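Below: one structure, written as structure tokens.
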Amino acid sequence: MEIVVASGKGGVGKSTITASLVQLLSHKKVAAVDADAEAPNLHLLLDVKEWEEEKEFVSAQSARITNRCTQCGACDDVCIYEAIEIKDGIHRIKDYLCEGCGACRAVCPIKGAIVIENALSGWIRVAETPHAPLVSAELDVGRPNSGKLVAEEKEIARGWVKEGKAKHLLVDSAAGIGCQVIASISGADLAILVSEPTPSSLNDLKRMYHLTRHFGVEAKLIINKDGINPSYRGLENFAESKGVEIIGRVPYDEAVPGSITAMKTLIEYAPESPSAKEIVKIAEYVEGWL
755 MEIVVASGKG GVGKSTITAS LVQLLSHKKV AAVDADAEAP NLHLLLDVKE
805 WEEEKEFVSA QSARITNRCT QCGACDDVCI YEAIEIKDGI HRIKDYLCEG
855 CGACRAVCPI KGAIVIENAL SGWIRVAETP HAPLVSAELD VGRPNSGKLV
905 AEEKEIARGW VKEGKAKHLL VDSAAGIGCQ VIASISGADL AILVSEPTPS
955 SLNDLKRMYH LTRHFGVEAK LIINKDGINP SYRGLENFAE SKGVEIIGRV
1005 PYDEAVPGSI TAMKTLIEYA PESPSAKEIV KIAEYVEGWL
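Every number in the numbering used here is 754 more than the matching position in the sequence shown, counting from 1.
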């Protein structure tokens, strides 16, 4: 089974909850996927000391100015990404801004002065944590194609299932509803949506819910930081209107930032805390699906 933990909003506790679920469900042979390629952090909570494997991921393209350039400036005039700079009278490409569109090469009057080459998009890393195998991805600065990067790491994790190394996948999605989130949800069996009781979080939850509906993925809801806004019922009202089951209410708990600072799962750091006890109940519920 492939379960993705997602949210339309950042900072609501996806990684904290995912890391604890990975630990609590390790006996079910789960594998962890950190699908936030722009800001991966699951390895910090899962006590990864070193990466066992790292490979470069190449899917983007970037322009390069060769020594045939006459410094005419035609490329600079046409680049809408402002990816061309002039240093000491020499035109250079700023790799982190170049999208590889080829407009500069098209207007260049000198054949071979500008070439379009494959460019590094990021890295995919694999480690064996104390609880489960982990695959993580990191996007290089300014590079596109985070969705392709996430899709590639998910294929690695699915390969583990085929090999018998794992039976189930827990995917820690990025915030928002962009391409890497779409890649996270694609092919999932279940989406656990994490939200907090604020109007802003509700607005993002609605977008995330519609994304799961678009891909035909069943959604469940966890309300995190429960109690910070006791009179607010927006999440409950929305869940009821859409038939989304609320499977947990994790209370606001100062043990949570402490666990993050200590780089430990909440279950390791404060197993008797109110939030840890609620996540244990959620894990027991999730185990019933596996």
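Even glycine gets a Cβ: it sits at the ideal position worked out from N, Cα and C. Please read these numbers as outputs of a predicted model, since none were measured by experiment.
Asked: Count the C-beta pairs between the segment 956 to 974 and the segment 921 to 937 that are closer than 8 Å, then say yes if the count reaches three, no if not.; Found: yes
Asked: For residue 868, would you say it is in contact with chain D, using Cβ-to-Cβ distances shorter than 8 Å as the test?; Found: Among the protein chains of the structure shown there is no chain D, as only one such chain exists.
Asked: Under 7 Å Cβ to Cβ from residue 940, same chain only, skipping five residues before and after it: list those, please.; Found: 969
Asked: Report yes if the C-beta distance between residue 1012 and residue 1036 is below 8 Å; otherwise report no.; Found: no
Asked: Report the start-end ranges of each alpha helix (DSSP H) in the segment 865 to 895 that is 4 residues or longer and not cut off at the edges.; Found: none
Asked: For residue 738, count the other beta carbons within 10 Å of its own beta carbon; 16 or more makes it buried, fewer makes it exposed. Which is it?; Found: Absent from the structure is residue 738, since the part of the chain shown begins at 755 and ends at 1044.
Asked: Quick check on the DSSP output: the alpha helix (DSSP H) that includes residue 924 runs from which residue to which?; Found: Where residue 924 is concerned, there is no enclosing alpha helix (DSSP H), although the beta strand (DSSP E) it sits in stretches over 922 to 929.
Asked: What does residue 969 pair with, by DSSP beta-bridge criteria?; Found: Paired residue(s): none; residue 969 is not in a bridge.
Asked: I believe residue 797 touches residue 890 by the beta-carbon criterion, under 8 Å. Please report the beta-carbon distance rounded to the nearest angstrom.; Found: 5 Å
Asked: As a quick exercise: from 888, 765, 783, pick the residue whose alpha carbon is nearest that of residue 920.; Found: 783
Asked: Compute every distance between the C-beta of residue 867 and the non-hydrogen atoms of the ligand COA, then say whether any falls below 7 Å.; Found: This structure lacks the ligand COA; in fact it carries no ligand of any kind.
Asked: Inspect the CB distances between the segment 853 to 865 and the segment 826 to 837 and report whether three or more fall short of 8 Å.; Found: yes
Asked: Suppose the cutoff is 6 Å on Cβ atoms and the five residues either side in sequence are ignored; what does the same chain contact list for residue 1014 look like?; Found: none
Asked: Tell me the start and end of each unbroken beta strand (DSSP E) in the segment 980 to 1025 that is at least 3 residues and wholly inside, in chain order.; Found: 999 to 1005
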